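Below is one structure, written out as structure tokens; comments come after it.
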Ligand SMILES: [Zn+2]
């Protein structure tokens, strides 16, 4: 069965029709503003999906959001980059319009789903994905289920408070970890310390400077915090920051080992540094939907 994975971002919508073996047979990247153009957001999205799927035989749609979702995963609660999606009955509306199950999740959950599938991580046990992109994305899988928390807001590793930091975070709090260790923090470092260097050349030209070494240590703090709390079976670490030219992966690993509790879980630490495929959350959404629908049919 073919499943349509959709990634709704502030800049683009990405939609992919994904077959059972994970192949994308049709893909479209469309500017968000050309999809969401009337005052009726859900009707715009339904029209977009109907046009995309016109010639397709598909059995479900999985939508990924850079957002906080409700615990039932039916709607977006808070989304700084896509505020037009907040508090709309997205799954119920699209389900009625399209006539197939429509699932919603955080985009990082789909990324972890993709990676667990790709790296053959068993569903049993605890796996966590930590992705350094614009912020710090985090998803936690416990025995094949993704931990949402009581309010749906679990896995906000990027918003762990850093004592002594006064940097304003996009979430409105002061001193969150991602405000010093995510992609936005890297842009701030570039503007403040290396204005003459392109962001992509930061590690190539200034990788030895203290401010960047501290940035890497901040990433390590994020990983070690999660590891020290959860003692996971597998830790998958990735995201766009790590794909930058000359990113010091070995130094990051060193810093993580330095920060993780000894002797355990440090001695048994199982970290996989993942590749950052661009359609991870589209394919991961399809993997997630396939798994969820299988689970539901077994109940
Ligand atoms: Zn925050």
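Numbering (our numbering), first residue to last: 2 to 300. Ideal Cβ positions, reconstructed from N, Cα and C, are used throughout, including at glycine. Since the structure is predicted, the reported quantities are computational estimates derived from the model, not experimental observations.
Is the closest heavy atom of ligand 1 to the C-beta of residue 82 under 6 angstroms? Position 81 of the chain shown, counting from 1, holds the residue named residue 82. Flag unset: Cβ of residue 82 not near ligand 1.
Who are the Cβ neighbours of residue 224 in its own chain at under 7 angstroms, not counting the five residues just before and after it? Translated into the one-based positions of the chain shown, residue 224 becomes position 223. If we look at residue 224 and ignore the five residues flanking it on each side, its Cβ neighbours are 131, 236, 238 and 257.
Please confirm whether residue 135 and residue 165 have their CB atoms less than 7 angstroms apart. Position 134 of the chain shown, counted from the first residue, corresponds to residue 135. Position 164 of the chain shown, counted from the first residue, corresponds to residue 165. No, they are not a contact pair.
Can you tell which of 75, 104, 112 and 252 has its C-alpha closest to the C-alpha of residue 5? Here residue 5 refers to the residue found at position 4 of the chain shown. Answer by Cα proximity: 104.
I need the boundaries of the alpha helix (DSSP H) containing residue 33, first residue and last residue. If you number the chain shown from 1, residue 33 lands on position 32. Per DSSP, residue 33 belongs to the alpha helix (DSSP H) from 33-36.
Terminal residues of the continuous beta strand (DSSP E) containing residue 152? The residue you call residue 152 lines up with position 151 of the chain shown. Taken as a continuous stretch (DSSP letters only), residue 152 belongs to no beta strand (DSSP E), as it is neither H nor E.
Would you mind listing the alpha helix (DSSP H) stretches within the stretch 185-245 that are 4+ residues and don't spill past its ends, in chain order? 203-207 and 211-231
Cβ-heavy atom distance, residue 268 to ligand 1, below 6 angstroms: Counting from 1 along the chain shown, the entry for residue 268 is found at position 267. Incorrect: residue 268 has no Cβ contact closer than 6 angstroms to ligand 1.
Helix, strand or coil: how does DSSP classify residue 122 here? Counting from one through the chain shown, the residue named residue 122 turns up at place 121. Three-state result, residue 122: coil.
In chain order, what residues of the same chain have a beta carbon less than 8 angstroms from the beta carbon of residue 246, not counting five sequence neighbours either side? Indexing the chain shown from 1 puts residue 246 at position 245. Here the set comprises 201, 202, 204 and 205.
Pick out every residue whose C-beta is nearer than 5 angstroms to a heavy atom of ligand 1: which are they, in chain order? 160, 170, 172, 174 and 177
State the CB to CB distance for the pair residue 50 and residue 99, rounded to an integer number of angstroms; the pair is presumed to be in contact (CB under 8 angstroms). As a working mapping, residue 50 is identified with position 49 in the chain shown. As a working mapping, residue 99 is identified with position 98 in the chain shown. Confirmed, about 6 angstroms.
Label residue 265 either buried or exposed according to how many other C-beta atoms from any shown protein chain fall within 10 Å of its C-beta, with 16 as the threshold for buried. Within the chain shown, numbered from 1, the residue matching residue 265 stands at position 264. Residue 265 should be labelled exposed.
In whole angstroms, what is the alpha-carbon distance linking residue 147 and residue 110? Translated into the one-based positions of the chain shown, residue 147 becomes position 146. Translated into the one-based positions of the chain shown, residue 110 becomes position 109. When rounded, the distance between both Cα atoms is 7 angstroms.
Looking at residue 215: is its Cβ nearer than 7 angstroms to the Cβ of residue 241? As a first step, residue 215 is located in the chain shown; it is residue number 214 there, counting from the start. As a first step, residue 241 is located in the chain shown; it is residue number 240 there, counting from the start. Not a contact, by the Cβ cut-off of 7 angstroms.
Going along the chain, which residues of its own chain have a beta-carbon closer than 7 angstroms to the beta-carbon of residue 267, five neighbours each way excluded? Within the chain shown, the letter at position 266 stands for residue 267. Here the set comprises 258 and 261.
Quick one: what does DSSP say residue 146 is sitting in, helix, strand or coil? Translated into positions along the chain shown, residue 146 becomes position 145. Strand.
State yes or no: is the C-beta of residue 282 within less than 7 angstroms of the C-beta of residue 65? Numbered from 1 along the chain shown, position 281 holds the residue referred to as residue 282. Numbered from 1 along the chain shown, position 64 holds the residue referred to as residue 65. Against a cut-off of 7 angstroms, the Cβ pair of residue 65 and residue 282 comes out as a contact.
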